[in-house]
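Residue numbers (the working numbering): 241 to 497.
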């Protein structure tokens with residue numbers, strides 16, 4: 241996800257679902273018949289002014305979202321998978337190196353089972369430019385394990401920060417954090433139709449915790465010593481890692497009933 245350098249900008253980015261999350265879940269909804277390509281394209285677009293997909297096989301010109309979705313389905317796409325990699329934790333990536341490198345640079349991507357293809361977004365103002373590259377489908381995500389790990393990380397983070405007494409916020413960040421409560425509360429940022437309620441809830445929780453961790457990592461809080469600051473940072477990074485993994489697992493193709 242594209243995170244800005246200031247806390248308020250960071251929160252603004254995380255409070256809106258990333259393009260890759262939207263592309264993943266609404267493509268899966270289209271593929272399972274829960275919605276048509278036009279609806280999926282509209283939901284993927286969100287508040288952006290435009291999306292274009294370059295590099296799709298057999299389509300030399302950049303494609304609009306409705307065209308891209310139809311091309312992906314015609315190419316035999318069966319599932320869409322979310323990737324939210326960072327250096328040292330390439331969650332959702334399975335190669336090849338060229339795709340992994342571009343996805344790591346972006347911090348997000350979508351991988352499709354069937355055509356062995358992936359898309360990486362580049363945010364250009366209020367628009368998104370997608371680049372298609374060969375990509376290997378990742379192994380199935382274990383939602384239960386990721387959800388349990390997220391809950392454990394929440395407890396450990398709360399205990400660690402309380403013990404360090406460094407869980408304080410700058411006033412402007414504390415005010416902005418109020419908006420985190422709105423994530424996943426029916427503002428159109430939930431997962432697509434067909435996803436079970438457990439996945440919807442876990443995705444919203446993961447996004448809230450990513451917002452909290454990112455805002456908290458903007459500075460050292462009330463840490464007095466370097467040791468305390470390092471411990472605080474490790475705790476928050478562990479929380480963010482668990483949240484990313486839970487979000488990837490929650491957005492995995494929903495299993496049939």
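Note that beta-carbon positions come from the ideal geometry of N, C-alpha and C, so glycine has one too. None of the values given here were measured: they were computed from a predicted structure.
| task | Give the secondary structure of residue 376 by DSSP, where H, G and I count as helix, E and B as strand, and everything else as coil. | result | If you number the chain shown from 1, residue 376 lands on position 136. Note: residue 376 maps to coil in three-state DSSP.
| residue 312, enclosing alpha helix (DSSP H) - first and last residue | The residue labelled residue 312 in the question sits at position 72 within the chain shown. Taken as a continuous stretch (DSSP letters only), the alpha helix (DSSP H) holding residue 312 covers 305-314.
| Whole-angstrom C-beta distance between residue 446 and residue 487, which should lie under 8 angstroms | If you number the chain shown from 1, residue 487 lands on position 247. If you number the chain shown from 1, residue 446 lands on position 206. Between residue 487 and residue 446 the beta-carbon gap is near 4 angstroms, inside 8 angstroms, which marks them as a contact.
| task | Run the CB neighbour count on residue 492, radius 10 Å, all protein chains shown included, and call it buried at 16 or more, exposed below. | result | By 1-based counting over the chain shown, the position of residue 492 is 252. Residue 492 comes out buried.
| Is it right to say residue 318 is buried, meaning 16 or more other beta carbons lie within 10 angstroms of its own, or is it exposed? | In the chain shown, the residue the question calls residue 318 occupies position 78. Here residue 318 is exposed. Its C-beta has fewer than 16 other C-beta atoms within 10 Å.
| From the beta carbon of residue 475, is the nearest beta carbon of chain B less than 7 angstroms away? | Looking for chain B here will not work: only one protein chain is present.
| message | Whole angstroms are fine: how far does the CA of residue 363 sit from the CA of residue 303? | response | For the purposes of this step, residue 303 is identified with residue 63 of the chain shown, where counting begins at 1. For the purposes of this step, residue 363 is identified with residue 123 of the chain shown, where counting begins at 1. Cα-Cα distance, rounded: 16 angstroms.
| Taking the C-alpha atoms as reference points, what is the distance between residue 334 and residue 260? | Here the question's residue 334 lines up with position 94 in the chain shown. Here the question's residue 260 lines up with position 20 in the chain shown. Approximately 17 angstroms between the Cα atoms of the pair.
| According to the Cβ coordinates, are residue 442 and residue 387 closer than 7 angstroms? | The residue given as residue 442 occupies position 202 in the chain shown. The residue given as residue 387 occupies position 147 in the chain shown. In contact: residue 442 and residue 387 (Cβ atoms closer than 7 angstroms).
| request: With DSSP collapsed to three states, give me the class of residue 392. | output: For this step, residue 392 is matched to residue 152 along the chain shown. Secondary structure of residue 392 (DSSP, three-state): helix.
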